[in-house]
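Only one structure is covered here, and it is reproduced in the block below.
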Amino acid sequence: MRRLDIPLEILYELAMSIGNSTDLEENLQEALSAYLQKLHCFAGAVFAVAPEKHPEPAVLVKSIPRTSTIHRNEGYRAAMAYPGWSAGGLPSKGSAGLDYYYHWFDLPEYGWLLLIRTHQPLSNGLQNALLDINNKLAVSARACRATAAHLHESRHLLRTVLDTIPARVFWKDRELRYLGCNTAFAGDKGLASAADLVGRDDRSLPRTRHSEAYRADDLRVIETGEPMRNQEELQTRPDGSERWLRTSKI
Numbered sequence: 011m012r013r014l015d016i017p018l019e020i021l022y023e024l025a026m027s028i029g030n031s032t033d034l035e036e037n038l039q040e041a042l043s044a045y046l047q048k049l050h051c052f053a054g055a056v057f058a059v060a061p062e063k064h065p066e067p068a069v070l071v072k073s074i075p076r077t078s079t080i081h082r083n084e085g086y087r088a089a090m091a092y093p094g095w096s097a098g099g100l101p102s103k104g105s106a107g108l109d110y111y112y113h114w115f116d117l118p119e120y121g122w123l124l125l126i127r128t129h130q131p132l133s134n135g136l137q138n139a140l141l142d143i144n145n146k147l148a149v150s151a152r153a154c155r156a157t158a159a160h161l162h163e164s165r166h167l168l169r170t171v172l173d174t175i176p177a178r179v180f181w182k183d184r185e186l187r188y189l190g191c192n193t194a195f196a197g198d199k200g201l202a203s204a205a206d207l208v209g210r211d212d213r214s215l216p217r218t219r220h221s222e223a224y225r226a227d228d229l230r231v232i233e234t235g236e237p238m239r240n241q242e243e244l245q246t247r248p249d250g251s252e253r254w255l256r257t258s259k260i
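For reference, each letter of the sequence shown is one residue, going 11 to 260 in my numbering.
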């Protein structure tokens, strides 16, 4: 059996750095950091297959150092002249003089991994040893992307429901700042959209003679944890007219 030129515990630590978060940004940050540290690489980047109608075949998802810095690196520029998505076979490697050596790896059904070293390239044996770990990174990245898509769909569905129901809905933090609301509630506050309300509190909005009472009720629910249900409240609209509402706060 051929002896690897890197301890097995290093490969184990690389594998364990992958998939510890369902957030794609955090996942790739941790994995790339481990690759660079354990393999003594100068820089690294993960690219994803570009969506349809995108002008380029790949998009940069995460890099270390950050995008504005890595773009200035000679090794990165050399690697981008022969990108992984144009290579005849992966893994592939090349160099920029004697200073930088780059390696492209396939991330199956997701994209590509780029690693850049100084002084000497990765050995062929080590490149091959990384293939299973890279496959784990690809699986993890695909899972993060699917989770994000599902979360986006769920939030869109929730927003659609909130904006359709015949009720006013809002939610606040413990400092009584608005974290969100539905479109109907934003309209009652004289705002064009729910986004215009986020981060504000009642004292930054047009005052009515009921404002302090509303605020006191909100504070009491937060401090006691006891809900208020089916309370009859008089509301003053932005145009000065009034109407009665049945309100619940939890």
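Quick reminder that beta carbons are idealized off the backbone N, C-alpha and C, glycines included.
Query: Give me the residue from 141, 203, 42, 20 with the minimum Cα distance to residue 29.; Result: 42
Query: Under three-state DSSP, which class holds residue 92?; Result: coil
Query: So, with DSSP's three-state summary, where would you put residue 47?; Result: helix
Query: Work out the CA separation of residue 161 and residue 141 for me, nearest whole Å.; Result: 30 Å
Query: Helix, strand or coil for residue 143, going by three-state DSSP, please let me know.; Result: helix
Query: Have a look at residue 98 and residue 109 and give me their C-alpha separation to the nearest angstrom.; Result: 24 Å
Query: What first and last residue would you give for the alpha helix (DSSP H) that runs through residue 226?; Result: 221 to 234
Query: How would you write the range of the beta strand (DSSP E) that residue 257 sits in, first residue to last?; Result: 252 to 259
Query: Compute the distance between the beta-carbons of residue 193 and residue 173, then report whether it is under 8 Å.; Result: yes
Query: Taking buried to mean at least 16 other C-beta atoms within 10 Å of its own C-beta, is residue 247 buried or exposed?; Result: exposed
Query: Which term fits residue 252, buried or exposed, when burial requires 16 or more other beta carbons within 10 angstroms of its beta carbon?; Result: exposed
Query: Buried or exposed: which applies to residue 22, given that a residue is buried once 16 or more other Cβ atoms fall within 10 Å of its Cβ?; Result: exposed
Query: Please list the terminal residues of the continuous alpha helix (DSSP H) segment that includes residue 22.; Result: 18 to 26
Query: What is the C-beta distance between residue 189 and residue 183, in whole angstroms, given that I count them as a contact (C-beta under 8 Å)?; Result: 6 Å
Query: Identify every run of the beta strand (DSSP E) within the stretch 57 to 119, keeping only runs that are complete inside it and at least 3 residues long; order them along the chain.; Result: 68 to 74, 102 to 106, 110 to 117
Query: Taking 8 Å as the cut-off, decide whether the C-beta atoms of residue 229 and residue 243 are in contact.; Result: no
Query: Enumerate in chain order the residues of its own chain whose CB-to-CB distance from residue 148 is below 6 Å, with the five nearest sequence positions on each side excluded.; Result: 117, 118, 120
Query: Over the uninterrupted beta strand (DSSP E) stretch that includes residue 180, give me the two end residues.; Result: 180 to 182
Query: How would you call residue 137, buried or exposed, if buried means at least 16 neighbouring beta carbons within 10 angstroms?; Result: buried
Query: According to the Cβ coordinates, are residue 200 and residue 176 closer than 8 Å?; Result: no
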